[in-house]
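First comes the structure, then the notes that go with it.
Residue numbers (this note's numbering): -15 to 145.
Structure below.
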């Protein structure tokens, strides 16, 4: 365990938020996938209508982790919080920081009265899967469900056709 602090993100944290998102993308073998900019993160997280929230972990006077989440609504169960990313920088993994971020996220869901929390984990990330299972989370392999996505270019191409 290492002495650390968990708090809500502020606008000044955005450069470190982006740094950690890029670090996670590299870990997930998607180094070129992060397209978002600091400006977009500021606008979308700290403007008039924030579209995401984030808990920050600090240790030894630096930002070492985050839990990045959004509100969702399920037509089956109602209010849901979606954990988009949970990351702890490599040097601080296994020292209780991830657990603290996870608990902060779950406490936020509980305090809001969320009926469910949901997130994805890569099937090869055994340490994360084991961590989540130990907490009581159900890991489901949805063989009959597929994730469907369209990027901005695909949306425009379809609508312009």
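Beta carbons: idealized from backbone N, C-alpha and C, even for Gly. Quick caveat: nothing in here was measured; it's all calculated off a predicted structure.
Cβ-Cβ distance between residue i and residue j below 9 angstroms
i, j, result
"residue 123", "residue 117", "yes"
"residue -12", "residue 79", "yes"
"residue 8", "residue 71", "yes"
"residue 114", "residue 125", "no"
"residue 51", "residue -14", "no"
"residue 163", "residue 65", "The shown model of the chain, from -15 to 145, leaves out residue 163, and the question about it has no answer."
"residue 0", "residue 46", "yes"
"residue 92", "residue 53", "yes"
"residue 22", "residue -2", "yes"
"residue -10", "residue 88", "yes"
"residue 73", "residue 4", "yes"
"residue 137", "residue 103", "no"
For residue i: DSSP bridge partner residues
i, result
"residue 63", "57"
"residue 49", "41 and 72"
"residue 14", "DSSP lists no partner for residue 14."
"residue -10", "41"
"residue 100", "64"
Burial state of residue i, where buried means 16 or more other Cβ atoms lie within 10 Å
i, result
"residue 61", "exposed"
"residue 59", "exposed"
"residue 143", "exposed"
Exercise for the section: Decide if the region 70 to 84 is in contact with the region 34 to 47; the criterion is three or more beta carbon pairs, one per stretch, under 8 angstroms apart. Expected result: At 8 angstroms Cβ cutoff, the stretches touch.
Handout entry: contact_flag[the region 88 to 101, the region 22 to 30] where n(CB pairs < 8 angstroms) is 3 or more
Key = Counting C-beta pairs closer than 8 angstroms gives fewer than three between the region 88 to 101 and the region 22 to 30, which falls short of the contact rule.
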